[in-house]
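Numbering (this note's numbering), first residue to last: 1 to 59.
We treat Cβ as the ideally placed atom computed from N, Cα and C, and that holds for glycine.
On a predicted model such as this, the values are computed, not experimentally measured, just so you know.
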Ligand code: SF4
């Protein structure tokens with residue numbers, strides 16, 4: 001698995017365990033400039049998704 005985001009600064013106060021995202025630093029941090037979360041019709045936590053997610057390609 002790539003460690004692409006490992007040495008980048010994180011968005012404060014975002015805790016993300018999605019380690020197969022290229023923006024994840026593998027320490028529960030997100031290194032994206034910003035994140036977008038949706039959809040607008042969500043009514044429960046499980047309805048929501050991070051739309052900034054980008055899958056890490058296996059090396
Ligand atoms: S972009 Fe979304 S899924 Fe990816 S590390 Fe950040 S919060 Fe997690």
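Check whether the Cβ atoms of residue i and residue j lie closer than 8 Å to each other.
| i | j | result |
| --- | --- | --- |
| residue 25 | residue 8 | yes |
| residue 31 | residue 10 | yes |
| residue 5 | residue 22 | yes |
Taking 8 Å as the CB-CB limit, is residue i close to chain B?
| i | result |
| --- | --- |
| residue 33 | Reference to chain B is not applicable here, since this structure consists of a single protein chain. |
For residue i, count neighbouring Cβ atoms within 10 angstroms of its own Cβ and tell me buried if that reaches 16, exposed if not.
| i | result |
| --- | --- |
| residue 12 | exposed |
| residue 16 | buried |
Relative to the alpha-carbon of residue i, which residue among the options has its alpha-carbon at the smallest distance?
| i | options | result |
| --- | --- | --- |
| residue 62 | 53, 58, 57 | Summary: the structure shown does not reach residue 62, with the chain confined to residues 1 through 59, and so no result is reported for it. |
| residue 34 | 58, 14, 55, 56 | 14 |
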